[in-house]
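Note sheet for the following structure.
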């Protein structure tokens, strides 16, 4: 439950009016280690390790990067889209998007939380976000031994309206073609909830589900949690807060 404590309890205490994304990231990292995080997140696709994932205020979370995932990030520089921007500062009314890996003894979980800083969700934000949460829960319900990842992916997308599919799993012409990914010794592992992954799920597999949707001039809404495949469906191990957590402006 380390990941849950960090994102659902500790992050709201860190958010302060006027702080930069980079300042927030520099305060978040020691909190993660204090809570028990092993300090890095390993990725197989890049054969590398990073400290933090996406740390975004407002429209930063839909800023395009080379990373194959729904979220974007201003980062330090276009060549270093990590840790957050030194220039983008937290304003009242911002949507805050935090997507980070966490690990203990070499094994990882992945989780995304969204926060509303000194404001409430608009109808557009709420409708899109709630639909993403529904998608996460439906995919999790189907995460039983024998289920085929590609079939889950096709069934979910077939049920989504064309308007919703625009900017789903990304923003503009940058959209990820998956709904979730395996996770363990690396943050990015097989199986993937996507086309082409036709081998059945097995009990005990661990996957992160991350349905998200970009909103122009606002940022990325949606959710991510890590689940274990069980005979009764995916068991969430990273908390159950639905996101869009309201945080007082201070």
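Residue numbers (our numbering): 13 to 262. In this text, a Cβ means the ideal position worked out from N, Cα and C, and glycines have one as well. Nothing here was measured: the structure is a model prediction, and the numbers come from that model.
Using only alpha-carbon positions, find the residue among the options that is nearest to residue i.
| i | options | result |
| --- | --- | --- |
| residue 160 | 241, 147 and 97 | 241 |
| residue 158 | 211, 106 and 169 | 211 |
| residue 55 | 230, 92 and 201 | 201 |
| residue 231 | 51, 21 and 137 | 137 |
| residue 206 | 81, 254, 13 and 247 | 81 |
| residue 218 | 197, 252 and 208 | 197 |
| residue 153 | 165, 190 and 247 | 247 |
| residue 17 | 102, 48, 62 and 29 | 48 |
| residue 112 | 213, 40 and 105 | 40 |
| residue 84 | 104, 101 and 108 | 108 |
| residue 79 | 204, 233 and 187 | 187 |
| residue 62 | 35, 95, 149 and 155 | 95 |
Give the C-beta separation of residue i and residue j to the nearest angstrom, bearing in mind that I take them to be a contact with Cβ-Cβ under 8 Å.
| i | j | result |
| --- | --- | --- |
| residue 172 | residue 192 | About 15 Å; that fails the 8 Å criterion. |
| residue 183 | residue 74 | 4 Å |
| residue 140 | residue 225 | 5 Å |
| residue 53 | residue 199 | 5 Å |
| residue 121 | residue 250 | 5 Å |
| residue 71 | residue 229 | 6 Å |
In terms of DSSP beta bridges, what is residue i paired with?
| i | result |
| --- | --- |
| residue 224 | 234 |
| residue 261 | Residue 261 pairs with nothing; no bridge assigned. |
| residue 148 | Looking at the DSSP assignment, residue 148 forms no beta bridge with any residue, so it has no partner. |
| residue 54 | 61 |
| residue 240 | 218 and 247 |
| residue 129 | 259 |
Is the beta carbon of residue j closer than 8 Å to that of residue i?
| i | j | result |
| --- | --- | --- |
| residue 43 | residue 26 | yes |
| residue 235 | residue 260 | no |
| residue 69 | residue 104 | no |
| residue 147 | residue 168 | yes |
| residue 126 | residue 29 | no |
Of all the CB atoms in chain D, is at least one closer than 8 Å to the CB of residue i?
| i | result |
| --- | --- |
| residue 49 | Absent from the structure is chain D; it holds one protein chain and no more. |
Residue ranges of each alpha helix (DSSP H) run of no fewer than 4 residues wholly in the stretch 75–127, ordered along the chain?
-> The stretch 75–127 contains no whole alpha helix (DSSP H) run of 4 or more residues.
If you scan the stretch 167–206 from start to end, which runs of the alpha helix (DSSP H) of 4 or more residues do you find wholly inside it?
-> Listed in chain order, the complete alpha helix (DSSP H) runs (minimum 4 residues) inside the stretch 167–206 are 174–177.
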